[in-house]
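Enquirer: Please read through the structure below; I'll follow up with questions.
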């Protein structure tokens, strides 16, 4: 355990980004040199997995990568009742609409859904060829 812990700090949590196999070989070499029992590869993998992922990313890839791993605003507020929070999302439908007469492509439609966060029910749906924007949906109310 001591050898694994020391080598994790000195050899694994570095910018060189050693693989599990390479790190296990180093642990094996040090344990054999000190006449200690060699830990199984799975044991070493479990010790690595038990580390804080933010710390691992920060030490191996840098502060910017660790910052990218964090969420922007933390935890969203808890929703305790229906219609307390509704989320709206837009997506392009994987379909090409064609003209009735000429059979010429017109474009790909957009699907907009309004979903109640508490009940997960679909409250509304719009399919349109116009790109989604707030003024369009507000004017349709």
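Residue numbers (full-length UniProt numbering): 1 to 141. Ideal Cβ placement from N, Cα and C applies to all residues, glycine included.
Given this structure, state the Cα-to-Cα distance separating residue 98 from residue 129, to the nearest angstrom.
Expert: Cα to Cα, residue 98 sits roughly 11 angstroms from residue 129.
Enquirer: Just list the alpha helix (DSSP H) runs in the segment 30 to 68, keeping only unbroken ones of 4 residues or longer that don't cross its boundaries, in chain order.
Expert: Here the runs fully enclosed are 41 to 49 and 53 to 61.
Enquirer: Roughly how far, in whole angstroms, is the beta-carbon of residue 13 from the beta-carbon of residue 60, given that I think they are within contact range, below 8 angstroms?
Expert: About 6 angstroms; that satisfies the 8 angstroms criterion.
Enquirer: If I measure Cβ to Cβ from residue 132 and keep anything under 7 angstroms in the same chain, skipping five residues before and after, which residues do I get?
Expert: Closer than 7 angstroms at the Cβ level, and outside the excluded window around residue 132, lie 90, 110 and 112.
Enquirer: Output yes or no for whether 9 angstroms exceeds the beta carbon distance between residue 87 and residue 117.
Expert: Yes, Cβ-Cβ distance for residue 87 and residue 117 is below 9 angstroms.
Enquirer: Using C-beta distances below 8 angstroms, list every residue in its chain close to residue 26, excluding the 5 sequence neighbours before and after it, in chain order.
Expert: Hits under 8 angstroms: 7, 11 and 18.
Enquirer: How would you call residue 5, buried or exposed, if buried means at least 16 neighbouring beta carbons within 10 angstroms?
Expert: Burial call: exposed.
Enquirer: Is it right to say residue 44 is buried, meaning 16 or more other beta carbons lie within 10 angstroms of its own, or is it exposed?
Expert: Classification for residue 44: buried.
Enquirer: Quick check on the DSSP output: the alpha helix (DSSP H) that includes residue 148 runs from which residue to which?
Expert: Here the chain comprises residues numbered 1 to 141, so residue 148 is not present and cannot be evaluated.
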